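In my numbering, the protein residues as written are 31 to 569.
The structure appears below as structure tokens.
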Amino acid sequence: MIDQSASNATKIMKKSVQELRAGNFDSAVTLTDEILEQDPNHAGANALQFSALFKSQRFEQARRMGTKAAELNPRSVFILNNQACLQLEAKQPAAAAGLLKSLIDQFGERGQWLYNLALAQKMVGNIDYALTTFARTLDFDHQHDRAAFQLADCLKISGNPEQAVRAYDFLRLLRHKHAPSHCNYLHHAVINNSITSLDLELEMALWRDRFIPTDRCYDTHKVENEHQLRIGFSIGRLPSIWVQSLIAPVINTLAAGRDSVHVYWHDDLFDQNLFADSVNIKPSAQLTDADFARKVRADQIDTLVDICGMRIGARQRALGLQVAGQQYGWLGHEGRYATPLVKILEPLMGSHCYAANLNEIEYTDPLPENTFTTTGTHHGISNETVRAWSNILHALPTWKIHIDATNKLVNNRIRELFLEQGIEQDRLLFLSNPTLENGAIALDNITENDPVSVINALHQGAIIVAKTGDLFPAQHTSKILTQCGRKKWLCKSTYHYQTQAIDLATSVGRKGLTENEFERSKLNDIAQFSQHLRSVISP
């Protein structure tokens with residue numbers, strides 16, 4: 031009888047394994063239940079059912095039986111690794127890291143274990159450890175694209191923009207058929223000034239040839255009524271400050287008129303409360319590019335404005351099919367890179383600009399005398415910018431510089447970069463939203479300016495030292511200064527930028543904008559800006 035029971039269990043186990051390998055996880059669970067009813071401590075049935083529950087993402091059930099499965103199968107590295115994955119899924123990275131370290135200590139290093147350990151360390155916030163371990167994962171498996179992505183992401187988080195660009199480049203070579211990886215590389219290459227205009231054109235041509243199905247392009251339809259447009263806005267993942275201060279107000283203003291305004295939102299972190307009831311919200315994060323293209327055509331959109339570019343959530347492949355009668359690329363603060371068949375809106379807007387002053391910001395202690403403030407350093411600074419700022423500080427030994435970064439990892443990296451240029455850390459200040467006096471000097475980041483910070487500094491009466499941009503971010507600071515009548519603050523070269531900062535620091539009677547001058551510039555006149563934008567996109 032015992033032999034017959036064991037024989038039946040063996041047959042059921044064999045069938046369960048076949049079902050598991052075929053992806054029929056529910057069937058595998060049902061079959062192993064037959065064995066566990068007769069023998070609750072059957073090691074193989076516990077292990078197999080745990081695997082089936084894990085693979086079918088029934089995580090809570092898998093978590094309940096995981097401990098017993100591990101006790102009955104103490105040498106099963108598969109079960110131990112899955113337990114760690116369950117802890118990661120449950121947002122318990124410290125516990126997962128401990129289990130993975132134990133696993134590696136017992137059985138040696140394996141690529142997937144190292145990857146999971148690095149992921150746990152990243153979730154804990156130990157970015158330096160995660161960087162080393164993701165790199166070690168790639169030593170084991172050069173084709174591990176998820177490790178390559180996480181490595182690049184950690185380099186960005188830790189304030190290493192140049193190295194991050196190289197890592198994103200490596201990733202897109204691993205995922206040569208994966209359009210989002212190419213988008214990601216191009217985005218980071220542009221914002222870090224790591225690509226020339228010519229190379230960008232070549233990259234975009236490669237991207238178009240590889241990912242746009244030219245044999246299936248839609249024909250553009252005629253705009254029925256230019257006085258009552260159906261306008262669509264395609265929005266991916268953007269910094270929330272951009273959406274709140276610029277994009278949502280523009281969309282709401284346009285929706286208050288005669289036009290029908292639709293928002294296609296490709297980010298799961300969607301906040302519908304940002305938009306007025308008159309805006310037609312179309313959550314589309316789960317749509318494929320083809321389904322998105324069909325959706326836009328079905329909605330008979332006359333003019334589609336892409337507010338994503340090459341960021342996460344990009345719909346560049348769909349836009350390449352010409353899904354609307356007119357297509358524009360506009361990121362608010364940047365946007366000189368997009369797929370063909372998309373007109374870039376920035377240069378068409380001329381000097382008209384809108385940059386909201388965020389009055390809800392609570393300013394802290396006053397900035398000390400003889401201290402520059404800066405913009406656009408939240409995620410690190412390029413070596414070019416550090417060199418320029420260091421040269422200014424070398425010429426002004428009594429001056430300090432305030433960096434508007436709050437992430438400790440980024441701050442540590444910035445300290446290292448300045449130290450390499452001979453600037454000691456006691457000359458660097460990391461304050462949160464300091465109060466600026468009229469005439470304070472703000473150094474705009476050479477390679478990645480920040481119009482939100484610029485407008486807040488202007489509103490407090492600061493003088494902006496800025497370099498006219500090339501690729502990024504579409505010379506937005508230049509437009510702000512031109513519109514408020516301070517084009518003289520713009521510099522054509524890095525050398526001019528440095529000398530202007532030094533000359534201003536040593537001059538007396540420096541004056542920024544008065545509140546009246548700021549208001550006259552109409553930089554915060556959303557109605558005027560939206561009206562001009564509407565006139566530009568009219569047929």
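Note that the Cβ used here is the ideal one computed from N, Cα and C, for glycine as well.
Please read these numbers as outputs of a predicted model, since none were measured by experiment.
Enclosing alpha helix (DSSP H) for residue i [first to last residue]
i	result
ASP239	227 to 241
THR524	524 to 535
GLN117	107 to 119
ILE485	481 to 489
VAL280	278 to 285
PHE215	Per the sequence shown, the amino acid found at residue 215 is Tyr instead of Phe. Note, TYR215: alpha helix (DSSP H), 209 to 221.
ALA127	123 to 137
VAL353	From DSSP, VAL353 is part of no alpha helix (DSSP H); its letter is neither H nor E.
VAL416	413 to 425
Buried or exposed by the 16-neighbour rule on C-beta atoms within 10 Å, applied to residue i
i	result
HIS172	exposed
ARG94	exposed
TYR525	exposed
ALA39	buried
ALA504	Summary for ALA504: the model assigns pLDDT 49, below 50, so the residue's position carries little reliability; its value from the coordinates is reported in the next sentence. Per the 10 Å Cβ criterion, buried.
SER46	buried
VAL538	exposed
THR436	exposed
ALA320	exposed
GLU231	exposed
ALA385	buried
Coarse secondary structure for residue i, derived from DSSP in three states
i	result
TYR248	coil
ALA504	A caution first: ALA504 carries a pLDDT of 49, below 50, which makes its placement in the model unreliable, though a value can still be read off. Of the three classes helix, strand and coil, the one that applies to ALA504 here is coil, per DSSP.
VAL538	coil
TRP295	strand
ASP646	In the structure displayed, the chain extends from 31 to 569; residue 646 sits before or after that span and is not available.
ASN156	coil
LEU458	strand
GLY266	coil
ARG445	helix
LEU361	coil
LEU334	strand
ILE510	helix
ALA557	helix
THR97	helix
ALA148	helix
THR40	helix
THR394	coil
HIS562	helix
Best match in the options for proximity to residue i [C-alpha to C-alpha]
i	options	result
ILE331	GLN530, THR403, GLN490 and GLU256	GLU256
ARG240	GLU467, CYS213 and GLN274	CYS213
LEU236	HIS251, LEU203 and VAL253	LEU203
LEU375	ASN310, VAL291, ARG417 and ILE567	ILE567
LYS325	SER308, LEU349 and ASN442	LEU349
HIS217	ARG540, CYS338, TRP429 and GLN356	CYS338
ALA285	GLN561, ASP298 and VAL309	VAL309
CYS115	LEU102, LEU130 and GLU101	LEU130
ALA278	PHE300, LEU228, ARG260 and SER81	PHE300
Range covered by the beta strand (DSSP E) that runs through residue i
i	result
ASN310	310 to 313
ALA63	Note that residue 63 is Asp in the sequence shown here, rather than Ala. Element bounds for ASP63: not the beta strand (DSSP E) but the alpha helix (DSSP H), 55 to 68.
VAL372	Taken as a continuous stretch (DSSP letters only), VAL372 belongs to no beta strand (DSSP E), as it is neither H nor E.
LYS552	First-last for LYS552: undefined, no H or E at that position.
Near the ligand FMN: residue i beta-carbon under 7 Å from a heavy atom
i	result
LEU133	The ligand content of the structure shown is nil, which means the ligand FMN is not present either.
Cutoff 8 Å: residue i Cβ touching any chain E Cβ
i	result
ASP169	Chain labels in this structure do not include chain E; a single protein chain is all it has.
Is the segment 436 to 452 in contact with the segment 478 to 487, if contact means three or more CB pairs nearer than 8 Å? no
With a cut-off of 8 Å, do at least 3 Cβ pairs link the segment 199 to 214 to the segment 322 to 330? no
Using a Cβ distance threshold of 8 Å, determine whether the segment 162 to 170 contacts the segment 411 to 418, with at least three qualifying pairs required. no
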